[in-house]
Amino acid sequence: MNENLVVFNARLVTPTGFEARRGREMGELLVMDNATVEVTRGVITYVGPNRGEERDGFYHRYWHYNARGRCLLPGFVDSHTHFIFDGERAEEFGWRLDGESYMSIMQRGGGIASTVKATRNSNFILLRSHGEDLLKRMSRMGITTVEGKSGYGLNRETEMLQLRVMRSLAKDERIRVDIVPTFLGAHAVPEEYRGRTDQYVDFLIREVMPVVREQGLAEFCDVFCEKDVFSVEQSRRLLSAARDMGFALKLHADEIVPLGGAGLAAELGAVSADHLLHASDKDIRAMADAGVVATLLPLTAFALREPYARGREMIDAGCAVALATDLNPGSCLSGSIPLTFALACIYMHLSVEEAITALTLNGAAALRRADRIGSIEVGKQGDMVLLMNDNYRFLPYYIGMNCVCATIKGGAIYSN
1 MNENLVVFNA
11 RLVTPTGFEA
21 RRGREMGELL
31 VMDNATVEVT
41 RGVITYVGPN
51 RGEERDGFYH
61 RYWHYNARGR
71 CLLPGFVDSH
81 THFIFDGERA
91 EEFGWRLDGE
101 SYMSIMQRGG
111 GIASTVKATR
121 NSNFILLRSH
131 GEDLLKRMSR
141 MGITTVEGKS
151 GYGLNRETEM
161 LQLRVMRSLA
171 KDERIRVDIV
181 PTFLGAHAVP
191 EEYRGRTDQY
201 VDFLIREVMP
211 VVREQGLAEF
221 CDVFCEKDVF
231 SVEQSRRLLS
241 AARDMGFALK
251 LHADEIVPLG
261 GAGLAAELGA
271 VSADHLLHAS
281 DKDIRAMADA
291 GVVATLLPLT
301 AFALREPYAR
311 GREMIDAGCA
321 VALATDLNPG
331 SCLSGSIPLT
341 FALACIYMHL
351 SVEEAITALT
361 LNGAAALRRA
371 DRIGSIEVGK
381 QGDMVLLMND
391 NYRFLPYYIG
401 MNCVCATIKG
411 GAIYSN
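The numbering used here applies: residue 1 is where the sequence shown begins, and numbers increase by one.
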């Protein structure tokens, strides 16, 4: 999608810069009334005041869109999802409502293992169709870039299948969302390796990750660093090998217990550490010092009835905080950007401005793309979101309700 477009009479609302915003910087937005944004062949070429009639001749080669004073923001970046899977776990959701914990369900063969069984029994067509449907729903909520993880195969064949589905969707010109693939073979220990976690890590390092890298199927490598899943040492070994192969690094860290995954992310120079519900003060400071993006997932805490990650404290400690949905079939079957905004502001104590930065520029930084997306600036992709009104504070206020009027991807407009 590489269109020529001019959006005029907009209320521009955007963070600025080509890297993550940290600490107090997250609350600093550029707000400009009566603004024009030009997109030429998919790339932003002008951001500034309306330019008037002298540009009319030039604009004959452009699509015109009168924003009528409504807010124009960067496209939202959902930097943590598991959107390629088969099967559903509504029954397990009921068990959690009755008081059973996520980990206890996982330990008795449910949880990730349940989705692994369904996904292994699925096929390319079914997985692609379901993934495409979810991407369309994401686009209507203003998402223009999404990260997708494997991790529901836990064997070479199905892990590769998930990643190939993502690659197929990424190449489809009808899809309105860019896809960033992550290899998460270390999402859980499969049944065939029960009690042999070290051997499973060896299997991933020797037999799966080199093939994924050779075929260019994933940019990142992730691990579920958690008690009774992968220890800090096992995570260190896997991620060190991944780094040597050329993967960028991510971690599921300190979600259930304070294990030290956030500190490991700082030690290894990971791009992001995600969840962080139980990250220690020491590890939060280490992440800030190392420039690791703290990706927080309030929808998952909400669905699991867990305490929210300490977003306010992380920002005050100088962290770059991103927000993402964690869309997945188990702990959070939701990709709701509106509810993510509301929970982040109400329960994690982010300001509206900080939440916007977290879901745009810092989300882009969590995917190593802050130089090309995440803000409305000359030289970046023409990925934007037009709200239904002129007040960006509606984003958390309109609780759980979509206030996106149109999503703009590479200069192409898609109205809701």
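Heads up, the beta-carbon is just placed ideally off N, CA and C, and yes, glycines get one too.
DSSP puts Lys-409 in a beta bridge; with which residues? Here residue 409 refers to the residue found at position 409 when the sequence shown is read from its first residue. Looking at the DSSP assignment, Lys-409 forms a beta bridge with Ala-412.
Asn-328 burial status per 10 Å Cβ neighbour count (16 or more: buried): Numbered from 1 along the sequence shown, position 328 holds the residue referred to as residue 328. It counts as buried.
What first and last residue would you give for the beta strand (DSSP E) that runs through Val-223? On the sequence shown, residue 223 is found 223 positions in, with the first residue counted as 1. 220-225 is the span of the beta strand (DSSP E), which, as asked, contains Val-223.
Indicate whether Val-352 and Pro-298 have their beta-carbon atoms separated by less than 7 Å. The residue you call residue 352 lines up with position 352 of the sequence shown. The residue you call residue 298 lines up with position 298 of the sequence shown. No.
Can you tell me where the beta strand (DSSP E) holding Met-245 begins and where it ends? Residue mapping note: residue 245 aligns to position 245 of the sequence shown, counting from 1. Unbroken run through Met-245 is the alpha helix (DSSP H), 232-245; no beta strand (DSSP E).
Would you call the stretch 334-347 and the stretch 358-372 touching, i.e. three or more CB-CB distances under 8 Å? yes
Just to confirm, are Ala-309 and Leu-277 a CB contact at a threshold of 7 Å? In the sequence shown, counting from the first residue as 1, residue 309 sits at position 309. In the sequence shown, counting from the first residue as 1, residue 277 sits at position 277. Contact: yes.
Please check the pair Gly-374 and Val-77, which I expect to be a contact at CB under 8 Å, by giving their CB distance rounded to whole angstroms. For this step, residue 374 is matched to residue 374 along the sequence shown. For this step, residue 77 is matched to residue 77 along the sequence shown. With 8 Å as the limit, Gly-374 and Val-77 qualify as a contact, their Cβ atoms being about 6 Å apart.
Proximity below 7 Å, CB of Arg-22 to CB of Gly-260: Position 22 of the sequence shown, counted from the start, is the residue given in the question as residue 22. Position 260 of the sequence shown, counted from the start, is the residue given in the question as residue 260. Contact: no.
Glu-54 to Ala-355 span [Cα, whole Å]: Taking the sequence shown and counting its residues from 1, the one referred to as residue 54 is at position 54. Taking the sequence shown and counting its residues from 1, the one referred to as residue 355 is at position 355. In this prediction, Glu-54 scores a pLDDT of 48, lower than 50, which makes its location untrustworthy; no coordinate-derived value is stated.
Pick helix, strand or coil for His-252, following the three-state DSSP scheme. Taking the sequence shown and counting its residues from 1, one reaches residue 252 at position 252. Correct three-state label for His-252: strand.
Assuming contact is defined by CB atoms lying nearer than 7 Å, are Thr-144 and Gly-75 in contact in what I supplied? For the purposes of this step, residue 144 is taken as residue 144 along the sequence shown, with counting starting at 1. For the purposes of this step, residue 75 is taken as residue 75 along the sequence shown, with counting starting at 1. Yes, the pair counts as a contact, with Cβ atoms nearer than the cut-off.
With which residues is Arg-11 paired in a DSSP beta bridge? As a position in the sequence shown, residue 11 is number 11, starting the count at 1. Arg-11 pairs with Cys-71.
Can you find the residues in the same chain that come closer than 6 Å, C-beta to C-beta, to Thr-14, ignoring five residues on each side of it along the sequence? On the sequence shown, position 14 is the one that residue 14 refers to. Only Leu-30, Pro-74, Ser-375 and Ile-376 meet the Cβ criterion.
Let me check you understand the geometry: is the CB of Ala-288 closer than 6 Å to at least one non-hydrogen atom of the ligand GDP? Questions concerning the ligand GDP fall outside what the structure shown contains, since it holds no ligand whatsoever.
What does Gln-162 pair with, by DSSP beta-bridge criteria? On the sequence shown, position 162 is the one that residue 162 refers to. Gln-162 pairs with nothing; no bridge assigned.
Grouping DSSP H, G and I as helix and E and B as strand, with all else coil, what is Glu-91? Stepping through the sequence shown from its first residue, residue 91 is reached at position 91. Correct three-state label for Glu-91: helix.
Mapping DSSP to helix, strand and coil, what is Lys-149? Stepping through the sequence shown from its first residue, residue 149 is reached at position 149. Strand at Lys-149.
Any idea what DSSP makes of Tyr-65, helix, strand or coil? Walking along the sequence shown from the start, residue 65 turns up at place 65. Of the three classes helix, strand and coil, the one that applies to Tyr-65 here is strand, per DSSP.
Taking the CB atoms as reference points, tell me whether Arg-213 and Met-245 lie closer together than 7 Å. As a first step, residue 213 is located in the sequence shown; it is residue number 213 there, counting from the start. As a first step, residue 245 is located in the sequence shown; it is residue number 245 there, counting from the start. In this structure, Met-245 lies closer than 7 Å to Arg-213 by Cβ.
Close beta carbons around Ala-242, own chain, < 7 Å, minus the five adjacent residues each side: Taking the first residue of the sequence shown as 1, we reach residue 242 at position 242. Taken in chain order, the residues that qualify are Met-209, Cys-221 and Leu-249.
Are the Cβ atoms of Ala-406 and Leu-386 separated by less than 7 Å? Stepping through the sequence shown from its first residue, residue 406 is reached at position 406. Stepping through the sequence shown from its first residue, residue 386 is reached at position 386. Yes, they are a contact pair.
Pull up the distance between the alpha-carbon of Asp-283 and that of Asp-289, whole angstroms please. The sequence position of residue 283 within the sequence shown is 283, counting from 1. The sequence position of residue 289 within the sequence shown is 289, counting from 1. Looking at the two C-alpha atoms, the distance is approximately 10 Å.
Quick one: which unbroken alpha helix (DSSP H) runs of 4-plus residues sit fully inside the stretch 345-385? Chain order, please. 352-358 and 361-365
How far does the beta strand (DSSP E) with Glu-38 in it reach, from first residue to last? Counting from 1 along the sequence shown, the entry for residue 38 is found at position 38. Per DSSP, Glu-38 belongs to the beta strand (DSSP E) from 30-40.
Report the rounded CA-to-CA distance for Met-26 versus Gly-363, giving the unit in angstroms. Indexing the sequence shown from 1 puts residue 26 at position 26. Indexing the sequence shown from 1 puts residue 363 at position 363. Rounded to the nearest angstrom, the two C-alpha atoms are 12 Å apart.
Should Val-378 be labelled buried (16 or more other beta-carbon atoms within 10 Å of its own) or exposed? Along the sequence shown, read from residue 1 onward, the residue named residue 378 stands at position 378. Answer is exposed; the Cβ neighbour count stays below 16.
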